[in-house]
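I have placed the structure first, in the form of structure tokens, so that the comments after it can refer back to it.
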Amino acid sequence: MSGSEEGTILVVVAHPDDECIGAGGTIRRHVDQGVKVDVHCMTGNEERNEEIKAACGILGVRSLYLSERDDFAIGEELFNEVIGAILKSRPAIVITHHSSDYNRNHQQCATIVNQATEWASHKTIFDDAHRVERVYNMEINTMISRPNVHVDITESYAAALAALKKHKSQIKKADSYYTELYDARTRLRGVQAKCKRAEAFTITLPEHAGPFYENNSVDRLI
Ligand SMILES: [Zn+2]
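Once you know that position 113 of the sequence shown is 99 in our numbering, the rest is easy, because the numbers rise by one and skip nothing.
And the structure:
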């Protein structure tokens, strides 16, 4: 199995704007530190794809995988698309939605990513199989009740907010709710993480439970 490209993150989201609301500061902070970040978005249209292109330009995203699929068409068939993005980006970690999110598209995205990270690592299926080490689940509207990790985004907040504002159609539709939510939530997470602003995640370890994982064989646990 080929190894992870050193320091690559793949962010998989249901809609244009989720990448900013859930992980904008985290993306920009890692890009500033030399990490390559790719974004795969499951749905979109002409207007919203222009917005996500502008937002990801500000965040410093390397490759952006877009579609013009409708919101209600997120289904299991996207499984193969996410596997394709994983095999192309070869990320060490994937950031995606949280399974406890109230939005069913976000829930489906989280489920598809979990299954895809598992399947993409099967050497018996893919010659270029790739093992993702960890999946980080982010929050959008539904707050995570028990996050495992907070990323300090104090330095990258301004850029992340500027990126979020590129999603003009959504900001307008929701009467600035998203920028206010992002401001308030990152401050609250900052209080909890003892920094000015933060983004919260839970960590999912892919099972990699198939029978061909020599990497799962260890001499000792600590
Ligand atoms: Zn969304």
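Glycine included, C-beta positions come from ideal geometry on N, C-alpha and C.
Computed from a predicted model, the values in this text were never measured in an experiment.
Here's the rule: buried if 16 or more other CB atoms are within 10 angstroms of the residue's CB, otherwise exposed. What is residue i?
i, result
"arginine 183", "buried"
"lysine 154", "exposed"
"phenylalanine 224", "The structure shown does not extend to residue 224, since the chain spans only -13 to 208, so no value can be given for it."
"leucine 191", "exposed"
"asparagine 123", "buried"
"valine 121", "buried"
"alanine 170", "exposed"
"tyrosine 88", "exposed"
"glycine 75", "Just to set this straight, residue 75 is serine in the shown sequence, not glycine. The residue is buried, with at least 16 neighbouring Cβ atoms inside 10 Å."
"aspartate 4", "buried"
"valine 80", "buried"
"glycine 8", "buried"
"glutamate 185", "buried"
"glutamine 156", "buried"
"valine 135", "exposed"
Roughly how many whole angstroms lie between the Cα atoms of residue i and residue j?
i, j, result
"methionine 129", "leucine 174", "11 Å"
"glycine 11", "arginine 117", "25 Å"
"glutamate 141", "arginine 15", "7 Å"
"valine -2", "glycine 70", "12 Å"
"arginine 48", "glutamate 32", "20 Å"
"lysine 180", "histidine 1", "31 Å"
"isoleucine 38", "leucine 150", "9 Å"
"glutamine 101", "phenylalanine 65", "8 Å"
"aspartate 205", "serine 107", "22 Å"
"alanine 41", "leucine 207", "42 Å"
"leucine 73", "glycine 176", "34 Å"
"threonine 29", "valine 23", "19 Å"
"aspartate 138", "asparagine 202", "31 Å"
"alanine 148", "isoleucine 44", "7 Å"
"valine 209", "threonine 188", "Look at the range of the chain in this structure, -13 to 208, and you will see that residue 209 is not part of it."
"alanine 145", "isoleucine -5", "18 Å"
"valine 68", "cysteine 6", "19 Å"
"glutamate 104", "glycine -7", "20 Å"
"histidine 194", "threonine 97", "15 Å"
"serine 131", "glutamine 178", "12 Å"
"arginine 55", "arginine 34", "11 Å"
"glutamate 63", "valine 21", "30 Å"
"tyrosine 168", "valine 99", "24 Å"
"glutamate 36", "lysine 152", "9 Å"
"glycine 46", "isoleucine 13", "8 Å"
"glutamate 119", "glutamate 166", "33 Å"
"aspartate 216", "serine 86", "Summary: the structure shown does not reach residue 216, with the chain confined to residues -13 through 208, and so no result is reported for it."
"serine 53", "glycine 61", "14 Å"
"lysine 109", "leucine 50", "26 Å"
"histidine 83", "cysteine 27", "12 Å"
"alanine 78", "proline 133", "20 Å"
So if DSSP puts residue i in a beta bridge, which residue, or which two residues, is it bridged to?
i, result
"lysine 22", "Thr(-6)"
"asparagine 123", "Thr82, Thr188"
"aspartate 228", "Residue 228 lies beyond the residue range present for the chain, which begins at -13 and ends at 208; the question has no answer from this structure."
Practice task
Kindly confirm or deny that the segment 75 to 95 and the segment 114 to 130 touch, where touching means at least three C-beta pairs closer than 8 Å.
Solution key: yes
Exercise for the section: Inspect the CB distances between the segment 106 to 113 and the segment 149 to 169 and report whether three or more fall short of 8 Å. Expected result: Contact between the segment 106 to 113 and the segment 149 to 169 is absent, with fewer than three C-beta pairs closer than 8 Å.
Handout entry: Those runs of the alpha helix (DSSP H) which lie wholly inside the segment -2 to 56 and span at least 4 residues
Key = DSSP runs (the alpha helix (DSSP H)) wholly in the segment -2 to 56: 4 to 18, 32 to 45.
Practice task
Any chance you could list the residues with Cβ under 7 Å from a heavy atom of ligand 2, keeping chain order?
Solution key: Within the structure as shown, ligand 2 is missing, the only ligands being ligand 1.
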